[in-house]
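J.:
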Amino acid sequence: MEGKRYICTAPKEPMVFYFGRKLTELIPMDIEKQLLHHISSAFQQLFNHEIAPDSLALQPTRKEFQGNYTFVLFPFLKVTRLSPEESGKRIGEYLREHAGLVADYNVIKGFLNLSVDESHWIRVFQSILANPDFGQFAPNGERVMVEYSSPNTNKPLHLGHLRNNFLGYAVSEILKANGFEVIKANLVNDRGIHICKSMVAYQKLANGETPESAGLKGDHLAGKYYVLFDKEYKKQIEELIEKGMDKEEAKKQAPWMLEAQQMLIEWEKGNPEVVDLWKTMNGWVYEGFAATYKTMGVDFDKTYYESDTYLLGKDIVSEGLEKGVFFKKPNGSVWVDLTSEGLDEKLVLRSDGTSVYITQDMGTADLKYRDFEINRSVYVVGNEQDYHFDVLFKIMRKLGRPYGKGLYHLSYGMVDLPSGKMKSREGTVVDGDDLMAEMVETAREHTQELGKIDGFSNEEAEALYETLGMGALKYFLLKVDPKKRMLFNPAESIEFQGNTGPFIQYTHARISAIRRKADQIGLEYGPNSLSGLNSLVESEKNLIILLQDYEKKLKTAAEEYAPSVIAQYLFDLAKEYNRFYAELPIFSETKGQIQSFRVALSVEVAKTIRKGMKLLGINVPEKM
RNA sequence: GGUCCUGUAGCUCAACUGGAUAGAGCAACUGCCUUCUAAGCAGUAGGUUUCAGGUUCGAGUCCUGACAGGAUCACCA
6 MEGKRYICTA PKEPMVFYFG RKLTELIPMD IEKQLLHHIS SAFQQLFNHE
56 IAPDSLALQP TRKEFQGNYT FVLFPFLKVT RLSPEESGKR IGEYLREHAG
106 LVADYNVIKG FLNLSVDESH WIRVFQSILA NPDFGQFAPN GERVMVEYSS
156 PNTNKPLHLG HLRNNFLGYA VSEILKANGF EVIKANLVND RGIHICKSMV
206 AYQKLANGET PESAGLKGDH LAGKYYVLFD KEYKKQIEEL IEKGMDKEEA
256 KKQAPWMLEA QQMLIEWEKG NPEVVDLWKT MNGWVYEGFA ATYKTMGVDF
306 DKTYYESDTY LLGKDIVSEG LEKGVFFKKP NGSVWVDLTS EGLDEKLVLR
356 SDGTSVYITQ DMGTADLKYR DFEINRSVYV VGNEQDYHFD VLFKIMRKLG
406 RPYGKGLYHL SYGMVDLPSG KMKSREGTVV DGDDLMAEMV ETAREHTQEL
456 GKIDGFSNEE AEALYETLGM GALKYFLLKV DPKKRMLFNP AESIEFQGNT
506 GPFIQYTHAR ISAIRRKADQ IGLEYGPNSL SGLNSLVESE KNLIILLQDY
556 EKKLKTAAEE YAPSVIAQYL FDLAKEYNRF YAELPIFSET KGQIQSFRVA
606 LSVEVAKTIR KGMKLLGINV PEKM
């Protein structure tokens with residue numbers, strides 16, 4: 006079933022689905038679709054011109070003009086053969102007469118502005134209230150794997166990883182809300198030369214140090230030795246250069262590098278001593294990661310380890326050779342030629358028959374499909390690997406994989422510091438654990454300064470600091486379009502005011518206070534308490550329109566794999582709500598019906614904020 | 001050097017996929033707490049959308065070419 010199907014000529018047919026929902030249920034909901042349907046009819050009736058509602062579009066009317074939706078006339082003047090003004094008048098008049106929901110219109114230059122009757126907005130709101138599934142699409146039968154995080158076990162997670170993890174988690178949740186079945190996967194890079202580097206340095210320098218004895222989390226302990234390796238390695242290179250060795254040669258001949266390489270060979274052979282050390286150190290690292298993931302609030306349904314998967318893919322190389330997708334060079338190495346697709350020739354197997362990075366990624370792609378029969382596979386990986394995934398996906402498609410079309414690289418930009426790129430080896434990184442702890446600490450100071458924790462127990466207060474600090478951090482990283490690189494200045498702390506997580510959380514807490522009061526005085530605010538309501542003020546109407554937009558934004562966020570769409574939307578919603586809050590009274594309002602409506606509207610805004618923030622992995626407090 | 005990405009207010013980001021006078025937040029300035037939480041609201045100021053051409057009724061958005069920043073182009077991962 007195609008997602009965009011909309012049959013305007015037969016709204017009686019009950020079995021037509023739209024976003025997995027019966028069309029008939031939509032009638033009060035999707036005003037935009039209804040308007041387009043009527044505009045299509047207008048073209049038919051007035052100008053004898055067939056045009057499908059699908060090929061028409063409305064846009065929100067700009068604030069400075071009267072109206073809710075605007076229809077741009079310029080593209081249709083050839084059809085109407087009238088001036089823009091006259092065309093707009095004819096269509097507007099037709100709509101006012103035939104489409105019950107159009108209360109008024111005006112034409113300015115080539116723009117037809119339509120005002121929707123207030124009673125329709127009230128009905129839209131009622132249908133949102135009455136719909137328990139609002140913001141959750143029905144299952145669409147598609148299964149998607151989102152791979153994210155994918156850490157190396159030789160160092161702790163840094164700020165760049167935080168962006169990766171928050172993005173991967175949020176995209177997964179957004180896809181779920183869109184009706185996908187989602188499998189969150191983590192591919193842990195637990196083997197290879199860089200892991201051996203930490204191990205060599207540990208063997209040489211640690212004297213049996215453990216996380217307990219060092220008072221360090223396991224991942225930080227491994228990271229410490231990774232940095233120590235690099236220090237010693239650089240020293241050794243310099244010594245060799247002083248003795249007259251060429252720089253490139255020195256890099257290869259430095260004693261510790263030779264040891265690391267030897268250790269990798271021993272590891273692959275299964276040397277018990279090496280494997281023991283590897284298991285011990287990785288075990289420490291996993292304990293550290295588990296703690297970090299817990300603080301981050303992310304989780305996984307499936308964890309793959311490269312130590313299990315690194316040999317995969319060689320059979321695909323033979324398959325590719327048979328199919329003529331790959332070719333062999335005289336030295337025995339195997340290549341793929343992608344020059345016809347604008348890329349280069351790319352190695353897929355070394356001349357000694359060992360795998361390269363892309364070999365195992367081919368194997369893992371198949372493995373994921375065998376394990377879960379996924380329709381789509383999303384890789385949340387930084388944009389430095391754009392080329393790699395371009396090649397990988399082209400190869401899998403050439404090989405005719407059924408999931409080939411569903412492969413997607415969610416490529417996100419680096420997080421830069423004012424000093425430039427972060428480098429683990431040189432210690433110029435913003436550590437993830439440190440940053441999260443600092444955020445919570447800042448939230449504590451800020452909250453105490455504002456004196457906002459009267460009546461909180463110790464535990465409640467601590468939970469609030471965590472909610473706010475993590476909310477500020479996650480929102481900061483998620484509000485930006487994923488593909489853009491972003492700057493983080495450690496000297497300026499992340500804000501708690503304006504377009505921030507805490508601003509949205511605050512809006513939720515404010516509404517919670519209203520709901521508590523309404524419950525306390527026994528005010529009804531369910532769908533049935535709204536009958537007889539017949540007029541709205543501007544901020545009320547704006548809020549209803551925004552609430553209605555939620556599902557549209559949800560869909561866009563999934564199509565673009567962009568949590569920023571949700572973040573931006575939630576800010577707009579919170580902003581509009583705060584305007585409403587400042588302008589309009591609730592409990593001092595004399596008409597009980599208006600009281601009920603305003604509470605109901607507030608509560609629905611809070612619910613939407615909660616839902617949306619949850620997609621971003623952000624909690625919202627009842628009080629702050 | 002080839003390829004790809006990015007360039008919007010002093011700073012951080014939007015702009016519904018080609019539509020009206022390019023919008024928010026931060027920072028600056030001015031108001032608003034005796035009424036539901038001021039982590040808020042209202043207002044002032046801030047722009048040749050890097051530059052130059054082109055496409056058309058109409059361009060921040062599309063095409064070409066500069067300029068600037070970044071990534072990548074390993075028998076590394």
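Numbers 6 to 629, taken from my numbering, label the letters of the first sequence in order.
For each residue, glycine too, the CB sits at the ideal point set by N, CA and C.
Is A572 helix, strand or coil by DSSP?
T.: helix
J.: Have a look at K68, S45 and G288 and flag the residue whose alpha-carbon is nearest the alpha-carbon of N547.
T.: When K68, S45 and G288 are compared, the shortest CA-CA separation from N547 is found for K68.
J.: Going by alpha carbons, who is nearest to I113 out of R128, N136, P89 and L100?
T.: For the residues R128, N136, P89 and L100, the minimum Cα distance to I113 belongs to P89.
J.: State the Cα-Cα distance for the pair F576 and K284, rounded to the nearest angstrom.
T.: 46 Å
J.: To which residues of the same chain is L597 closer than 6 Å at the C-beta, ignoring the five residues directly before and after it?
T.: Looking at the sequence itself, residue 597 is Gly, so the reference to Leu does not match. Beyond the five residues adjoining it in sequence on each side, G597 comes within less than 6 Å, by CB distance, of no other residue in the same chain.
J.: What three-state label does DSSP hand L440 in the structure shown?
T.: Of the three classes helix, strand and coil, the one that applies to L440 here is helix, per DSSP.
J.: What does the Cβ neighbour count give for L31, buried or exposed, with the cut at 16 atoms within 10 Å?
T.: In this predicted model, L31 has a pLDDT of only 43, less than 50, meaning its place in the structure is not dependable; the value taken from the coordinates is given anyway. Burial call: buried.
J.: Does DSSP put S601 in a helix, in a strand, or in coil?
T.: helix
J.: Identify which residue in F493, P532, R101 and F602 has its Cα closest to the Cα of F585.
T.: F602
J.: Below 8 Å, can you find three or more Cβ-Cβ pairs linking the segment 131-150 to the segment 262-270?
T.: no
J.: Here's the rule I'm using: 16 or more other beta-carbon atoms within 10 Å means buried, otherwise exposed. How should H103 be labelled?
T.: By the 10 Å Cβ count, H103 comes out exposed.
J.: Bridge partners for G425 per DSSP, in chain order?
T.: Per DSSP, L422.
J.: For a test of the three-state rule: what should DSSP assign to D109, helix, strand or coil?
T.: strand
J.: Under a three-way DSSP split, which group does E186 fall into?
T.: strand
J.: Comparing C-alpha positions only, which one of Y231, P156 and F171 sits nearest to D195?
T.: P156
J.: May I ask you to report which of helix, strand or coil DSSP gives L538?
T.: coil
J.: What are the start and end residues of each continuous alpha helix (DSSP H) run of 4 or more residues lying completely inside the segment 244-309, in chain order?
T.: 252-258, 260-274 and 277-301
J.: Are the CB atoms of A259 and I242 within a distance shorter than 8 Å?
T.: yes
J.: Whose C-beta lies closer than 6 Å to the C-beta of F130 among residues of the same chain, with five residues either side of it excluded?
T.: I549
J.: On a Cα-Cα basis, can you pick out the residue from A605, N212 and L455 that is closest to N533?
T.: Nearest C-alpha to N533: A605.
J.: If we ignore side chains and look at the alpha-carbon of each, how far apart do Q365 and G506 end up?
T.: 39 Å
J.: List, from N- to C-terminal side, the beta strand (DSSP E) runs of 3 residues or more that fit wholly inside the segment 131-179.
T.: Secondary structure in the segment 131-179: the beta strand (DSSP E) runs of 3 residues or longer, each lying completely within the stretch, are 148-152 in chain order.
J.: Could you check whether N388 and Y413 sit closer than 8 Å to each other, using their CB atoms as the reference points?
T.: no
J.: Can you find the residues in the same chain that come closer than 8 Å, C-beta to C-beta, to G437, ignoring five residues on each side of it along the sequence?
T.: P161, L162, H163, L164, H166, L167, T297 and M301
J.: As an exercise, report each continuous alpha helix (DSSP H) stretch of at least 4 residues that is fully enclosed by the segment 75-100, in chain order.
T.: 82-85
J.: Identify the continuous alpha helix (DSSP H) that holds R355 and give its terminal residues.
T.: Annotation: R355 is outside any alpha helix (DSSP H) and is labelled neither H nor E by DSSP.
J.: What residues match up with S498 in a beta bridge as DSSP calls it?
T.: S498 pairs with nothing; no bridge assigned.
J.: Assuming contact is defined by CB atoms lying nearer than 8 Å, are P495 and L422 in contact in what I supplied?
T.: yes
J.: Closest to L621 by CA distance: which of L483, G368 and L559 is it?
T.: For the residues L483, G368 and L559, the minimum Cα distance to L621 belongs to L483.
J.: Can the beta-carbon of I519 be found less than 8 Å from the beta-carbon of S607?
T.: yes
J.: Along the alpha helix (DSSP H) that carries D313, what are the first and last residues, could you check?
T.: E311 to T314
J.: Could you check which residue in F116, V121 and G115 has the C-alpha nearest to that of G105?
T.: V121
J.: Please report the Cβ distance between L282 and Q208, rounded to the nearest whole angstrom; I am assuming they are in contact, meaning their Cβ atoms lie under 8 Å.
T.: 7 Å
J.: Buried or exposed for F70, please, with buried defined as at least 16 other CB atoms from any protein chain shown within 10 angstroms of its CB.
T.: F70 comes out exposed.
J.: Determine the burial state of N624: buried for a count of at least 16 other Cβ atoms within 10 Å of its Cβ, exposed for fewer.
T.: buried
J.: Counting only the same chain and skipping the five closest in sequence on each side, list residues whose C-beta sits under 8 Å from that of F461.
T.: L469 and K628
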